[in-house]
Amino acid sequence: MVVSGNAEVMRKALLDALSLPAFILLFTMMGFGSLARGAGFGAEMAAVASLLVWGLPGQLAMVELTATGQGFIAIVFACSLANARFLPMVVSFVPAMSRSRSKVPGMLLDAQLLSINSWAVCLREFPHIEPEFRHRYYVTFAGSILAAAVAGTLLGYHGAVLLPAALVLGLIFVSPLFFALVLAAVSGCAERLSMILGCATISIAHYLFPSVDLLITGVIGGSLGFAAGKFCKAGDAS
Amino acid sequence: MQADSLWLIVLGCAAATFIWRALGVAVVKRIDAHGAFFQWITCVSYAMVAGLVFRMIILPESELAAVSLSIRIAAVVIAFAAYYLLKRRLVAGVLAGGVSLSLMASFIG
């Protein structure tokens, strides 16, 4: 079934966000909020960081390095490096929205809204959405989870919810589990090979070059997967 | 640290992250969405995201590091089993994995 129509698409986006991703963001950003407080940031600073940085690995680098008293350049550089994945993510995501005419300011805004959640969920759902409504689906979905993330940051900052340690572990685990389940359903030979090779690469790169392990993983795992994908396409009847 | 310099750090980090997003837009403007370069960079994204998820589960730096690797792997297996057994519902898989990790962490340690 293919969804189309403004109201239908927005309803689907909200339901898809509320079915899990909004809660995942709420809980993971609670963790960030409490760390930000420990590092000396104000509540509104933490909320603005979630809103404008909008990439947890970079936000974590920011609070960790600030807490250990690093200088401005070192903090900003580490944050930037931890969020460098947005370059390939934006490149692979924007064309999937199949907007025929798009202007640069609008594209920059779309790029700013992108997160790993929206990227994974939208690429999964787009085939079920009429092309001209995909952008609306994306903006509604991304906007909802961003709101949940900012709310979670503030809740975590103010320590509104104190949970037992075992439950907290389960909640932290939910985020990678969600992505693992979404990614396992990705079709496409080259994409699947890239993911498997990415997992193999990071297990080595993480020990050799911990600060740039994801970049190395992307370039090596992705290039090998891309090259290997040529062979499975050749053997593929379709 | 002064509030001013903390604000500067937050805004600096936002700008430094935005650079990658803007570079992505600049690249999108210049490439063919059906060409080999696009396919390659899509593979790079998938490898990075899968690597990030793998790192979060197998090589975590969060509190999860305190939970033994065998418990984490068992919870992933339970999550996938629940997902495929219960009509591929993400909620079922995620709940089963999260709850089983919490229970194993409290009773097995």
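As you go down the protein sequences, you meet chains L and B in turn. Just so we're aligned, residue 0 is where the first sequence starts under numbering that gives the first Met the number 0, counting upward by one. Just so we're aligned, residue 0 is where the second sequence starts under numbering that gives the first Met the number 0, counting upward by one. Note that CB positions come from ideal geometry on N, CA and C, so glycine has one too.
CA nearest to the CA of methionine 9 (chain L), picked from L:Leu51, L:Ser143, L:Leu59, L:Met61: The closest CA to that of methionine 9 (chain L), considering only L:Leu51, L:Ser143, L:Leu59, L:Met61, is found on L:Ser143.
Pick from B:Val26, B:Val93, B:Ile107 that is closest to leucine 176 (chain L), judged by C-alpha positions: B:Val93
Does the beta carbon of asparagine 5 (chain L) come closer than 8 Å to any beta carbon on chain B? no
Any beta carbon of chain L sitting closer than 8 Å to that of isoleucine 56 (chain B)? yes
Output yes if chain D places a C-beta closer than 8 Å to the C-beta of serine 114 (chain L); else output no. Of the protein chains in the structure, L and B, none is chain D.
Under 8 Å, with one C-beta from each stretch per pair, do the stretch 75 to 94 of chain L and the stretch 118 to 125 of chain L reach the 3-pair mark? They touch, by the three-pair rule.
Since tyrosine 128 (chain L) sits in a beta bridge, which residues does DSSP pair it with? For clarity, residue 128 (chain L) is isoleucine in the given sequence; the question names tyrosine instead. Note: isoleucine 128 (chain L) sits in a beta bridge opposite L:Val2.
Name, please, each residue of chain B whose Cβ falls closer than 9 Å to the Cβ of arginine 36 (chain L). Here the premise fails: no neighbours, minimum Cβ distance about 12 Å.
Proximity test, Cβ basis, 8 Å: histidine 205 (chain L) and chain B: yes
Taking a cut of 8 Å between CB atoms, which residues from the stretch 139 to 163 of chain L lie near chain B? none
Thinking C-alpha only, which one of L:Phe178, L:Ile74, L:Gln69, L:Gly217 is nearest isoleucine 238 (chain L)? The question about residue 238 (chain L) has no answer, for chain L in this structure spans 0 to 237.
Considering Cα atoms alone, identify which of L:Ala46, L:Leu170, L:Tyr136, L:Val47 is closest to aspartate 109 (chain L). L:Tyr136
Against chain B, with Cβ distances strictly below 8 Å, would cysteine 198 (chain L) count as a contact? yes
By how many angstroms is the C-alpha of alanine 65 (chain B) removed from the C-alpha of glycine 97 (chain B)? 15 Å
Quick check on this structure: which residue in L:Ser210, L:His205, L:Asn116, L:Leu196 has the alpha carbon closest to the alpha carbon of phenylalanine 225 (chain L)? L:Leu196
The alpha helix (DSSP H) enclosing lysine 28 (chain B), as first and last residue numbers: 2 to 29
Check whether the Cβ atoms of glycine 39 (chain L) and leucine 22 (chain B) sit closer than 8 Å, and answer yes or no. no
Could you check which residue in B:Thr16, B:Ala15, B:Cys42 has the C-alpha nearest to that of glycine 221 (chain L)? B:Cys42
Contact set between glycine 221 (chain L) and chain B, taken where Cβ atoms lie within less than 9 Å: Trp39, Ile40, Thr41, Cys42, Val43, Ser44, Tyr45, Ala46, Met47
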